[in-house]
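Colleague: Submitted below is the structure of interest, expressed as structure tokens.
Protein chains: 2
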Amino acid sequence: MTGHLERIKTFMEVASAGSFTAAARAQGSSSSAVTRHIADLEQTLGVQLFVRTTRKVSLTQAGAVYFEKVHPLISALAAADDGARAQQKALSGTLQVSCPLSFGTRFLQAPLTEFAELHPGIDLRINLTDSFVDIIKDGYDMALRISAAPADKSTIWRKICPVPRCLVAAPGYLEQAPPLATPADLPNHRCLSYTNQSDGDTWHLAHHAEETMRPVRLTPAFACNNGDLLAQMAAAGGGIVLLPRFIVADALAAGTLRTVLEDWRAPEIWLTAFYPPYQKLPLAIDRFTDVFEQHAGQFGL
Amino acid sequence: MTGHLERIKTFMEVASAGSFTAAARAQGSSSSAVTRHIADLEQTLGVQLFVRTTRKVSLTQAGAVYFEKVHPLISALAAADDGARAQQKALSGTLQVSCPLSFGTRFLQAPLTEFAELHPGIDLRINLTDSFVDIIKDGYDMALRISAAPADKSTIWRKICPVPRCLVAAPGYLEQAPPLATPADLPNHRCLSYTNQSDGDTWHLAHHAEETMRPVRLTPAFACNNGDLLAQMAAAGGGIVLLPRFIVADALAAGTLRTVLEDWRAPEIWLTAFYPPYQKLPLAIDRFTDVFEQHAGQFGL
DNA sequence: TGATATTATCCCACAAATCGGGATAATTAT
DNA sequence: ATAATTATCCCGATTTGTGGGATAATATCA
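If you read the sequences in order, they're chains A and B. Letter by letter, the first sequence follows residues 4 to 304 of the working numbering. Letter by letter, the second sequence follows residues 4 to 304 of the working numbering.
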């Protein structure tokens, strides 16, 4: 029962050549193989496909009908194979990318525009969200994330660049707030926590180049999974917040926020690209990563 | 490289089931077989079809495209197989039959009409000719012939019924002709020979129930490959002719021809059906033979 | 957080299918 | 009549495929 397709191919060869031996030659096999292929096919179909003497081979009516039906199918199958082969190197189709919202609205336009110009055949689908999508289940080709240590073992990931963070608060808040000289003072403050990663209610801070991080448990006054809204809350005097610098850069320049505890640093977090566990990335994904990384140097994080 | 179709089937099974082991169960094989089928397919296509961890299996974009292309093709292939299977028992399609002209014009209408009523799905193609067609090359499903001993080894044949022959001449011819008492007198006569079979210029005759035939070499006055025309020539006084009785029956009744040498008989010839060298005849051919044989008893040959 | 269960993959020995070559019988061409 | 071509059959050898167990990874559940 195995090798059905090969038998059909032999059948088509014989039908075209009009001879078993000619088909064997054309196929690079032996005449016994051809005989058996046809015999087996006739057996499994229960129909005689050829009427044959030792000198003449001719399609039966059933054989002719079968040939007509099967011929375009085999061609289409081969075409499907070729199409699949081409897909690996295809710069077409769709490219589904997930990206954090705050980051995407600030930095994605330039690389996207360039990529779209370079590869107009690719249909870019960008999903801006701050939640961690299931790359495999939801069919993403790439997911950009800003996180500490990629622990995901079911994906491929690649660090793009570090994302500096800083502690900020509104000048108005600080004026009326308790003193703030070291992280030990933080529990007395209103702190706004980012609730996407695991534990937003604990900050880890280290002094200068000190190695070990010290955990600081805070009493959250407000929690949100979006950095921009956290920054707005802080600017409105909501409290202290630990955020990527790029999110608060404008507010810092405008003076609506200012940094606190500048001598302390939080653990490094990275802009990281996650991919489905391909053994070899399709070319389109590769190209997108190239373009994106090229722009990453100019983000000024 | 062999077993491509089986691999594709496994691929489709996995794509549907969303799991290798589930596909293995559904297919009645082992998970190792499934793994290898997919791996081999990916190898030959050069594309990763599934993105998989030990817990999740998901189609890649290339895999999804391949699935969409391949799915209808596999179904169509299976349908083609089923179609071929049905052909053996099909009472549809065309039935190409060759038949001698003189015979066909006299006896074919009734069985054809009945068969057409019984099997309206079959497209009957009757070719009336007195020459021996190449059943295999010209794609006939059946060829009726009137001949002595079927020597054709590349076909299947089946005797339907004997076709009595008789020697006849016009009364007008006989009045002015030399005496005719035994075959030995024939060389002195004008004889009309039928030139389809091998040797029309030699008649073999035996007296009564005598066993051995005696060859009589004649001097042909006219030769033709059509019995009706020979009969007309004889009726016009052209000479003596050896013809199937059914051809001259009307002329005998009308008196335009009468039999001679009634005590002598020519070798038996048979109405015979020839078929392509099928190992098992398709049902449509069988049915046609049935109807035809049923009528053959009433031909009154 | 730790233990359990599920899963894809790898490895290995065994079984099965396939192949090619030679022999055979049939048939056509010379 | 002879030779050449052809489909088929048979047989030994090779290739291929398979299933079961082991393994590593991962998700689920307590």
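Quick reminder that beta carbons are idealized off the backbone N, C-alpha and C, glycines included.
(1) Which partner residues of S34(B) appear in the DSSP bridge assignment?
(2) Leaving out five residues on either side along the sequence, give the residues of the same chain with a beta carbon under 7 Å from the beta carbon of S34(A).
(3) Answer yes or no: do I139(A) and K59(B) have a C-beta to C-beta separation smaller than 7 Å?
(4) Using 8 Å as the threshold, is the segment 235 to 245 of chain B in touch with the segment 215 to 226 of chain B, meaning 3 or more CB pairs across them?
(5) Residues of chain A with a CB under 7 Å from the CB of R148(B): which are they?
(6) Looking at L170(A): is its Cβ nearer than 7 Å to the Cβ of I243(A)?
(7) Using only the alpha-carbon positions, how far apart do K12(A) and A89(A) sit?
(8) Would you list, in chain order, the members of the segment 154 to 169 of chain B that have their beta-carbon closer than 7 Å to a beta-carbon of chain A?
(9) Please identify, using Cβ separations under 7 Å, the residues of the segment 65 to 79 of chain A that lie next to chain B, in order along the chain.
(10) Within 10 angstroms of the Cβ of D133(A), are there 16 or more other Cβ atoms? Answer buried if so, exposed if not.
(11) Considering just the uninterrupted stretch of the beta strand (DSSP E) at K162(A), what are its terminal residues?
(12) If we call anything under 7 Å between Cβ atoms a contact, is S157(A) one with T38(B)?
(13) Would L189(B) count as contacting chain A if we go by Cβ distances under 7 Å?
(14) Please determine, among W160(B), G124(B), I250(B), D137(B), the residue with the shortest C-alpha to C-alpha distance to T259(B).
(15) Checking 7 Å against the spacing of the C-beta atoms, do V166(A) and L189(A) come in under that value?
(16) Give me the Cβ distance between F70(A) and L44(A), rounded to the nearest whole Å; I'm assuming they're in contact under 8 Å.
(17) Between which residues of its own chain and D141(A) is the CB-CB distance below 7 Å, once the five residues before and five after are set aside?
(18) Flag Q297(B) as yes if its beta-carbon sits less than 7 Å from any beta-carbon of chain A, otherwise no.
(19) Taking DSSP as the reference, what is the three-state secondary structure of M145(A)?
(20) Specify the secondary structure class of R193(B) as computed by DSSP and reduced to three states.
(21) Do S105(B) and V136(B) have their CB atoms nearer than 7 Å?
(22) Going along chain A in order, which residues have a C-beta closer than 9 Å to the C-beta of Q91(B)?
(23) Does DSSP put R268(A) in a helix, in a strand, or in coil?
(24) Which word fits D2(B), buried or exposed, when buried means at least 16 other C-beta atoms lie within 10 angstroms of its C-beta?
(25) Output the distance between the C-alpha atoms of T97(B) and R128(B), rounded to the nearest integer angstrom.
(26) Identify the contact partners of Y281(A) in chain B, using a Cβ-Cβ distance below 7 Å as the criterion.
(27) Should E9(B) go down as buried or exposed, given a rule of 16 or more other Cβ atoms within 10 Å for buried?
Modeller: Let me spell this out:
(1) Looking at the DSSP assignment, S34(B) forms no beta bridge with any residue, so it has no partner.
(2) Short of 7 Å from the beta carbon of S34(A), and not among the five residues preceding or following it, lie these beta carbons of its own chain, in chain order: F23, T24, A27.
(3) Yes; because the gap between Cβ atoms is below 7 Å, this pair is in contact.
(4) Yes, the segment 235 to 245 of chain B is in contact with the segment 215 to 226 of chain B.
(5) The contacting residues do not exist; R148(B) stays about 18 Å from chain A at best.
(6) The Cβ atoms of L170(A) and I243(A) lie closer than 7 Å to each other.
(7) When rounded, the distance between both Cα atoms is 23 Å.
(8) Within the segment 154 to 169 of chain B, the qualifying residues are S157.
(9) Listed by position, the residues of the segment 65 to 79 of chain A near chain B (Cβ gap below 7 Å) are A65, V68, Y69, K72, V73, L76, A79.
(10) Buried, since its Cβ has 16 or more Cβ neighbours within 10 Å.
(11) 159 to 166 is the span of the beta strand (DSSP E), which, as asked, contains K162(A).
(12) No, Cβ-Cβ distance for S157(A) and T38(B) is not below 7 Å.
(13) Against chain A, the CB of L189(B) has no partner CB under 7 Å away; the residue lies outside that interface.
(14) Here the closest residue by C-alpha is I250(B).
(15) No, the pair does not count as a contact, with Cβ atoms beyond the cut-off.
(16) L44(A) and F70(A) do not touch by the CB rule: their CB atoms are close to 12 Å apart, not below 8 Å.
(17) The beta carbon of D141(A) sits closer than 7 Å to no other beta carbon from its chain once the five residues preceding and following it are set aside.
(18) Not a single CB atom of chain A sits nearer than 7 Å to the CB of Q297(B).
(19) The three-state secondary structure of M145(A), taken from DSSP, is strand.
(20) Here R193(B) sits in coil by DSSP.
(21) Taking 7 Å as the Cβ cut-off, S105(B) and V136(B) do not qualify as a contacting pair.
(22) What Q91(B) touches in chain A: L48, G49, V50, Q51, A65.
(23) Of the three classes helix, strand and coil, the one that applies to R268(A) here is strand, per DSSP.
(24) Given a span of 4 to 304 for chain B in the structure shown, any question on residue 2(B) remains unanswerable.
(25) CA-CA distance, T97(B) to R128(B), rounds to 7 Å.
(26) Close partners of Y281(A) in chain B (Cβ separation under 7 Å): Q51, V54.
(27) Its Cβ being crowded by 16 or more others within 10 Å, E9(B) is buried.
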